[in-house]
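Report on the structure given below.
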Amino acid sequence: MSWLPDWEDVFPEFVHSLSEHYAHLKAFHGCRPLSLSSYYAHGLRGQDADQLVLQFQAMFPEVPATDLNAAIGSLGDRSTRERGAIWLVGDDREMIEQYGHYIIQGSEYLMALAAHLGVSPRGEDYRFLLRERGIPTVLEVDIPIEIVQWRDIEEVARMVLSVWGQEVTKRRVGSGPSPCYVIRRTIDAQYIRNHTHPDKILDPHRGYIQYRNRQRTCDLCAADTGTEDAGAAHTRT
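First residue of the sequence shown: 1, per our numbering; consecutive thereafter.
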């Protein structure tokens with residue numbers, strides 16, 4: 001920020017003004033849930049390693065308990081350190097182009113367990129077997145600014161000032177990655193604005209080749225379509 005005159009005084013004031021002016025920050029969360037209805041009923045909840053382990057056991061009942069316990073142990077204190085955390089990114093394009101593994105395979109904790117276990121008895125990487133269940137999804141979320149960490153708000157402010165500075169000076173130098181957010185409490189359902197099931201996703205675990213998503217609808221998409229069809233039928237009568 002040294003390019004900004006008196007930035008030591010201006011920047012803190014700008015961050016404060018931004019936090020007072022805006023009520024929400026737009027962000028996106030990548031996931032691969034079995035159903036989306038729980039998000040819209042209970043909100044976006046933070047990571048719960050115990051529940052994720054149960055989910056992993058349901059997906060791969062053939063994994064011996066000793067092997068699964070060893071995989072859990074290899075993650076150290078991660079289950080407690082990351083408990084309640086939700087990760088989001090400020091640009092949906094980055095979610096699809098850089099962080100597509102969350103959309104394609106789901107929870108990073110599940111991926112970590114799968115990576116430790118390696119190859120399944122049928123000769124396939126457990127990480128890639130995570131792709132056989134769930135629906136690749138991007139949630140659009142308006143995060144209440146009061147639950148965003150101050151350092152993340154500062155990152156947003158830096159991005160805004162950088163874009164503004166380039167516009168004013170007519171000197172295009174590009175911008176860095178969009179802000180990433182770590183929220184450590186449930187984001188209420190009312191702040192989930194939309195969801196999509198991207199068609200094409202870059203796959204970091206396969207050298208960023210294009211992953212084609214064949215599951216473009218979910219339980220909520222079907223419900224919305226049914227409502228629209230019913231409305232159209234009512235209009236025609």
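Here a beta-carbon is modelled for each residue, glycine too, at the ideal position from N, C-alpha and C.
Practice task
Return yes when the Cβ of L202 is within less than 8 Å of the Cβ of I96, no when it is not.
Solution key: Walking along the sequence shown from the start, residue 96 turns up at place 96. Walking along the sequence shown from the start, residue 202 turns up at place 202. Result yes, Cβ atoms of I96 and L202 sit closer than 8 Å.
Handout entry: Y22 classed as buried or exposed, judged by whether at least 16 other C-beta atoms fall within 10 angstroms
Key = Reading the sequence shown from its first residue, position 22 is the one you call residue 22. It is exposed - the Cβ of Y22 has fewer than 16 other Cβ atoms within 10 Å.
Handout entry: Outcome for H42 when other beta-carbon atoms lying within 10 angstroms are tallied against a minimum of 16
Key = In the sequence shown, residue 42 corresponds to position 42, counting from 1. By the 10 Å Cβ count, H42 comes out exposed.
Problem - Inter-stretch contact at 8 Å, needing at least 3 Cβ pairs: the stretch 212–219 / the stretch 127–140 - result: yes
Practice task
With a 10 Å radius around its C-beta and 16 neighbouring C-beta atoms as the bar for buried, classify R236 as buried or exposed.
Solution key: One-based indexing of the sequence shown puts residue 236 at position 236. Residue placement at R236 cannot be trusted, given a pLDDT of 45 that sits under 50; the coordinates are not used to answer.
Practice task
Could you name the residues of the same chain whose beta carbon sits closer than 6 Å to that of R158, not counting the 5 residues immediately before and after it, in chain order?
Solution key: Start at 1 with the first residue of the sequence shown, and residue 158 comes out as number 158. So the list is empty, once near-sequence residues are dropped.
Problem - Buried/exposed call for H16, threshold 16 Cβ in 10 Å - result: The residue you call residue 16 lines up with position 16 of the sequence shown. When all chains shown are included, H16 counts as exposed.
Problem - DSSP three-state assignment for L75, whether helix, strand or coil - result: Residue 75 sits at position 75 when you count from the first residue of the sequence shown. Note: L75 maps to coil in three-state DSSP.
Handout entry: Under the three-state DSSP convention, the category C221 falls into
Key = Here the question's residue 221 lines up with position 221 in the sequence shown. Note: C221 maps to helix in three-state DSSP.
Problem - Residues bridged to L34 (per DSSP) - result: Along the sequence shown, one-based indexing puts residue 34 at 34. L34 pairs with nothing; no bridge assigned.
Practice task
Identify, in the order they occur along the chain, each residue of the same chain with its Cβ nearer than 7 Å to the Cβ of P198, setting aside the five sequence neighbours on each side.
Solution key: Here residue 198 is taken as the residue at index 198 of the sequence shown, counted from 1. Taken in chain order, the residues that qualify are I96, I103, P136, V138 and N213.
Exercise for the section: Output the distance between the C-alpha atoms of L113 and L68, rounded to the nearest integer angstrom. Expected result: Here residue 113 corresponds to residue number 113 of the sequence shown, with the count starting at 1. Here residue 68 corresponds to residue number 68 of the sequence shown, with the count starting at 1. Roughly 8 Å separates the two Cα atoms.
Handout entry: Straight-line Cα distance separating A222 from G90
Key = Here residue 90 refers to the residue found at position 90 of the sequence shown. Here residue 222 refers to the residue found at position 222 of the sequence shown. So the two alpha carbons sit approximately 28 Å from each other.
Practice task
Could you say if the stretch 158–168 and the stretch 33–50 meet the contact criterion of at least three C-beta pairs nearer than 8 Å?
Solution key: no
Handout entry: Beta-ladder partner(s) of F60, from DSSP
Key = One-based indexing of the sequence shown puts residue 60 at position 60. Paired residues: none, contrary to the question.
Problem - Simplified DSSP assignment, three categories, for R212 - result: Start at 1 with the first residue of the sequence shown, and residue 212 comes out as number 212. DSSP places R212 in strand when its eight states are reduced to three.
Exercise for the section: Select from R184, I183 and D142 the residue whose C-alpha is nearest the C-alpha of Q190. Expected result: The residue labelled residue 190 in the question sits at position 190 within the sequence shown. Looking at the Cα atoms, D142 is the closest of the given residues.
Practice task
Report buried or exposed for I187, applying the criterion of at least 16 other Cβ atoms within 10 angstroms of its Cβ.
Solution key: The residue given as residue 187 occupies position 187 in the sequence shown. Buried is the call here.
Exercise for the section: Tell me where the alpha helix (DSSP H) around I145 begins and ends. Expected result: As a position in the sequence shown, residue 145 is number 145, starting the count at 1. From DSSP, I145 is part of no alpha helix (DSSP H); its letter is neither H nor E.
Handout entry: Reduced DSSP secondary structure (H/G/I, E/B, other) of R133
Key = As a first step, residue 133 must be located in the sequence shown, where it is residue number 133. Looking at R133 - three-state DSSP - the assignment turns out to be coil, as it is neither helix nor strand.
Handout entry: Beta carbon of R184 nearer than 8 Å to that of G46
Key = By 1-based counting over the sequence shown, the position of residue 184 is 184. By 1-based counting over the sequence shown, the position of residue 46 is 46. A contact, by the Cβ cut-off of 8 Å.
Exercise for the section: Helix, strand or coil for Y193, going by three-state DSSP, please let me know. Expected result: For the purposes of this step, residue 193 is taken as residue 193 along the sequence shown, with counting starting at 1. Residue identity differs from the one stated: residue 193 is Arg in this sequence, not Tyr. Correct three-state label for R193: strand.
Practice task
For A71, I'd like the list of residues in its chain whose CB is within less than 6 Å of its CB, leaving aside the five on either flank, ordered along the chain.
Solution key: To locate residue 71, count along the sequence shown from 1; it is residue 71. L113, H116 and L117, listed in sequence order.
Practice task
Over the uninterrupted beta strand (DSSP E) stretch that includes D203, give me the two end residues.
Solution key: What you label residue 203 is simply residue 203 of the sequence shown in a count that begins at 1. Counting along the chain, the beta strand (DSSP E) containing D203 begins and ends at K200 to D203.
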